[in-house]
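The structure under discussion appears below in the form of structure tokens.
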Amino acid sequence: MRRTHIFLAVCLVALLAARGAQAAPQSRGSATLTGVVIGPDDKPVPHASVSYQSSDGSAPHAVHTDAHGRFTITKLRTDNYDIRASARGIFSDWYKNISVRRGQTKSVELRLIYAKEMPKSVSNKKKKP
């Protein structure tokens, strides 16, 4: 009888712990980062990759720009973020410690550097014999 009570108590504690974990899922924030990626030719870069993470290096993610080089990152928690863009082997510098707060929207412009012009698509290059 005593074993049964201990078993039931352990099951009840485990059930309550599991329920508490479900009742408090990781909450999403309400801050937003928007912006545009500009190429070395001073034109918006469509379909560029935009990487972002908390400034402590945790939780890295990526989004892509639209056909006009614009991007939106939603549901960010209050924190400091680092963000960087890349397209066709060209990268922007890291834009560091962008502070966002609950309900806030911040806009950034990311400029691709390290090239004088956007390279042609790899598939458009002619193969040398």
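Sequential numbering of the sequence shown, starting at 18, is according to this note's numbering.
Using N, Cα and C, we set each Cβ at its ideal position, and we do this for glycine too.
Start-to-end residues for the beta strand (DSSP E) that takes in residue i
i           : result
residue 149 : As shown, the chain starts at 18 and ends at 146. That puts residue 149 outside it, with no answer to give.
Which of helix, strand or coil DSSP assigns to residue i
i           : result
residue 39  : Low local confidence applies: a pLDDT of 36 at residue 39 is under 50, so the model's placement there is unreliable, and no value is given.
residue 62  : coil
residue 110 : coil
residue 83  : coil
residue 116 : strand
Environment of residue i [buried if 16+ CB atoms lie within 10 Å]
i           : result
residue 82  : buried
residue 116 : exposed
residue 109 : buried
residue 120 : exposed
Bridge-paired residues (DSSP) for residue i
i          : result
residue 51 : 89, 124
residue 5  : The structure shown has nothing for residue 5, since the chain only spans 18 to 146.
residue 96 : 117
C-beta contact flag for residue i and residue j at 9 Å
i           : j          : result
residue 103 : residue 65 : yes
residue 51  : residue 93 : no
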